[in-house]
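Undergrad: Just passing along the structure, written as structure tokens.
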Amino acid sequence: MAMASSSSSSLLHSPNPFSPKTKPFILPNPKSTHFTINSSAQPPPNLTAKHRRPADENIRDEARRNNNHDHLFSAKYVPFNADPFSPESYSLDEIVYRSQSGGLLDVRHDIDALKRYDGKYWRTLFDSRVGKTTWPYGSGVWSKKEWVLPEIDDDDIISAFEGNSNLFWAERFGKQFLGMNDLWVKHCGISHTGSFKDLGMTVLVSQVNRLRKMGRPVVGVGCASTGDTSAALSAYCASAGIPSIVFLPANRISIAQLVQPIANGAFVLSIDTDFDGCMQLIREVTAELPIYLANSLNSLRLEGQKTAAIEILQQFDWEVPDWVIVPGGNLGNIYAFYKGFHMCKELGLVDRIPRLVCAQAANANPLYLYFKAGWKNFKAVKANATFASAIQIGDPVSIDRAVYALKKSDGIVEEATEEELMDATAQADSTGMFICPHTGVALCALFKLRNSGVIKPTDKTVVVSTAHGLKFTQSKTDYHSKDIKDMACRFANPPVQVKADFGSVMDVLKKYLLSKVH
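Using our numbering, the first residue of the sequence shown is number 1, and each one after it goes up by one.
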């Protein structure tokens, strides 16, 4: 598709989140000194009892009935990191992926409108929606709708109530291996399709659903993928009844990841190249065919992904952690986390942001090399095979976004070798987790920063787990079978072969139990 021409953002009509008919209700903050409302809008209501909906009405019907199409907030595309007074902007209803200069785009919200409500108000609103089934606020993404896609109609949203993922206190792992008592793992992989990509895909597919209803030239949605993106895209498109097209690098992803888009009815092309080659092809194809581009070049996805950062603050009762460690490949996610934290600070929900760490596999480490060179002379690399397949990317699309986020958060970049990341994964699993190799990369970064004294024993630290370990059973099987070439697999736990008689079993068990007596 050709780049859309520059234009001012056209306002979409959407429900007023503070309409008396909209649920859940929350109390306004009477102490706010900057609480103002457009004259045409209704003020936030008081808490009232929610009435049971009619038996023949589902939650989407209920949202439709309560929709009054007022709006208070807006958002638009602007060139990434552009001057605030730059005239170049695009409506979110335009199909555009790059700025006029060829740079990245960003979604800019009307912060002045959002600031009409103070931080206490937003905290209370977001907290009031947790655990509810009111459409669409049961989603961890859409519970922050005003900060994500404020103008989309609730009826256009495609959601599996993603988000609200577990923030796990890694008590034993932190104490035993790191001497830490405040280590947490944000399990974004406990999600609809098993990865954090659901957070962004619900936003992108919802907007595509809207565009199709508006008659825009979108027949399907396409992506290049190392696995998780295609799984998320195919699931949300299947839910919406929208065709999905997936470009996969042949023989480079796990069977569990490959089967997801196939099962969800995607049109899958297995291409004899790596991710970067697939990405180049999908860009060329979407410029010529009515296929909407779903990779993180598209800034809509980052709006959903940033809600994981807001959610971390929410789960800590709005206390800011000292560190957040994020695995990095195409590098959109590290910027999304920064954006979520920054919005919370800018709008008064918190008074600071955490320091960010981006963790890369040593076999695909262009950001790490750039960081070690003092942010001078970025060079793409040829990504080599890594067990952390989703971050096997040598020419990341969001390099500029990542650098911006790290500089603004006094951030750090670390790397992990294949043996380091697999050992860290096995160590974490031995304490009750079941993590993906990408989380192993992030844990390696934590090990190194603890050993160097950068991260202190008492620092509240969050490691972001990006995918479910069940997607990577083959690599775990190979590790515990000690079947990985040139790898010691120091923490392997293979099954013990025993003869089928009582004496043999007793001998083995006695030896095992004696080894566990401290």
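Backbone N, C-alpha and C fix where the C-beta goes; we use that ideal spot for every residue, glycine too.
Label M343 either buried or exposed according to how many other C-beta atoms from any shown protein chain fall within 10 Å of its C-beta, with 16 as the threshold for buried.
TA: Flag for M343 reads buried.
Undergrad: Using CA coordinates, which residue listed in V203, D478 and A224 is at the minimum distance from Q280?
TA: Answer by Cα proximity: A224.
Undergrad: Can you tell me whether P243 is helix, strand or coil according to DSSP?
TA: Note: P243 maps to coil in three-state DSSP.
Undergrad: Figure out for me which residue from W184, E346, P495 and I152 has the closest Cα to the Cα of S481.
TA: Minimum Cα distance to S481 is reached at P495.
Undergrad: So what's Y512 in DSSP terms, helix, strand or just coil?
TA: Three-state DSSP puts Y512 in a helix.
Undergrad: Please name the residue, chosen from L356, P457 and S299, that lies closest to F177 on a Cα-to-Cα basis.
TA: Measuring from the Cα of F177, the nearest candidate turns out to be P457.
Undergrad: Take K460 and list the residues in its own chain whose beta-carbon comes closer than 7 Å to its own, dropping the five residues that flank it on each side.
TA: Taken in chain order, the residues that qualify are D182, P321 and D322.
Undergrad: Unbroken alpha helix (DSSP H) runs of length 4 or more, entirely within the region 121 to 190: which are they?
TA: Complete alpha helix (DSSP H) runs here, min 4: none at all.
Undergrad: Going by the beta-carbon positions, is the gap between G227 and I245 smaller than 8 Å?
TA: Going by C-beta atoms, G227 is not nearer than 8 Å to I245.
Undergrad: Distance check for K408 and D478, CA to CA, integer angstroms please.
TA: Their Cα atoms are separated by approximately 40 Å.
Undergrad: Are three or more beta carbon pairs between the region 372 to 380 and the region 300 to 312 nearer than 8 Å?
TA: Because the criterion of three Cβ pairs below 8 Å is not met, the region 372 to 380 and the region 300 to 312 do not touch.
Undergrad: Considering only their Cβ atoms, is the gap separating Y77 from S89 smaller than 8 Å?
TA: Going by C-beta atoms, S89 is nearer than 8 Å to Y77.
Undergrad: In angstroms with no decimal places, state the Cα-to-Cα distance between R64 and K213.
TA: Answer to the nearest angstrom: the Cα atoms are 16 Å apart.
Undergrad: Taking all protein chains shown into account, decide if V550 is buried (16 or more other Cβ within 10 angstroms of its Cβ) or exposed.
TA: Because residue 550 is not part of the residues shown, which for the chain are 1 to 518, the question remains open.
Undergrad: Report buried or exposed for R52, applying the criterion of at least 16 other Cβ atoms within 10 angstroms of its Cβ.
TA: Exposed: under 16 other Cβ atoms inside 10 Å.
Undergrad: If you count every other CB in all the chains shown that lies within 10 Å of the CB of P217, and 16 or more means buried, which is it?
TA: Label assigned to P217: exposed.
Undergrad: With distances taken Cα to Cα, identify the nearest neighbour of S206 among I152, K197, W169 and G329.
TA: For the residues I152, K197, W169 and G329, the minimum Cα distance to S206 belongs to I152.
Undergrad: Identify the continuous alpha helix (DSSP H) that holds T477 and give its terminal residues.
TA: Its alpha helix (DSSP H) spans residues T473 to H480.
Undergrad: What are the boundary residues of the beta strand (DSSP E) that F267 is part of?
TA: That run of the beta strand (DSSP E) goes F267 to I271.
Undergrad: Using the Cβ count rule (16 or more neighbours within 10 Å means buried), how would you classify T133?
TA: Result: exposed.
Undergrad: Quick one: any contact between the region 267 to 276 and the region 300 to 308, if contact means 3 or more CB pairs under 8 Å?
TA: Too few Cβ pairs lie closer than 8 Å, so no.
Undergrad: Quick one: residues in its chain with C-beta nearer than 6 Å to the C-beta of N209, no 5 flanking neighbours on either side, listed in chain order?
TA: Cβ within range, chain order: D156, I158 and A240.
Undergrad: Based on DSSP bridge pairs, tell me the residues matched to I412.
TA: Answer is V357, bridged to I412.
Undergrad: Hey, L347 and G119 are a contact pair by Cβ (cut 8 Å); roughly how many whole angstroms apart?
TA: With a Cβ gap of about 6 Å, L347 and G119 count as contacting.
Undergrad: Going by DSSP, which residues form a beta bridge with V464?
TA: Per DSSP, K186.
Undergrad: Tell me which residues share the same chain as K144 and place their Cβ nearer than 8 Å to its Cβ, disregarding the 5 neighbours each side in the sequence.
TA: So the list reads F126, T307 and I310, once near-sequence residues are dropped.
Undergrad: Check for me: the alpha helix (DSSP H) holding K197 runs from which residue to which?
TA: Looking at the DSSP string, the run of the alpha helix (DSSP H) that includes K197 is K197 to K213.
Undergrad: Does the region 390 to 406 come into contact with the region 325 to 334, if we say contact requires no fewer than three beta-carbon pairs (one atom in each stretch) closer than 8 Å?
TA: Because the criterion of three Cβ pairs below 8 Å is met, the region 390 to 406 and the region 325 to 334 touch.
Undergrad: Suppose contacts are defined by Cβ-Cβ distances below 8 Å. Is W184 in contact with L167 by that definition?
TA: Yes, the Cβ-Cβ distance between W184 and L167 is below 8 Å.
Undergrad: Determine the direct distance from the alpha carbon of I435 to that of A428, and round the result to whole angstroms.
TA: Taking the straight line from one Cα to the other gives about 7 Å.
Undergrad: At the level of alpha carbons, what is the spacing between A113 and L72?
TA: Cα to Cα, A113 sits roughly 7 Å from L72.
Undergrad: For the alpha helix (DSSP H) that contains V441, what are its first and last residues?
TA: From DSSP, the alpha helix (DSSP H) with V441 extends over P437 to N451.
Undergrad: Answer yes or no: do V219 and P249 have a C-beta to C-beta separation smaller than 8 Å?
TA: No, the Cβ-Cβ distance between V219 and P249 is not below 8 Å.
Undergrad: Mind checking which residues open and close the alpha helix (DSSP H) that includes P396?
TA: Taken as a continuous stretch (DSSP letters only), P396 belongs to no alpha helix (DSSP H), as it is neither H nor E.
Undergrad: Report the partner residues of K76 according to the DSSP bridge assignment.
TA: For K76, which the question treats as bridged, DSSP gives the partners R108.
Undergrad: With 16 as the cutoff for other CB atoms within 10 Å, does I255 come out buried or exposed?
TA: By the neighbour-count rule (16 or more Cβ atoms within 10 Å), I255 is not buried but exposed.
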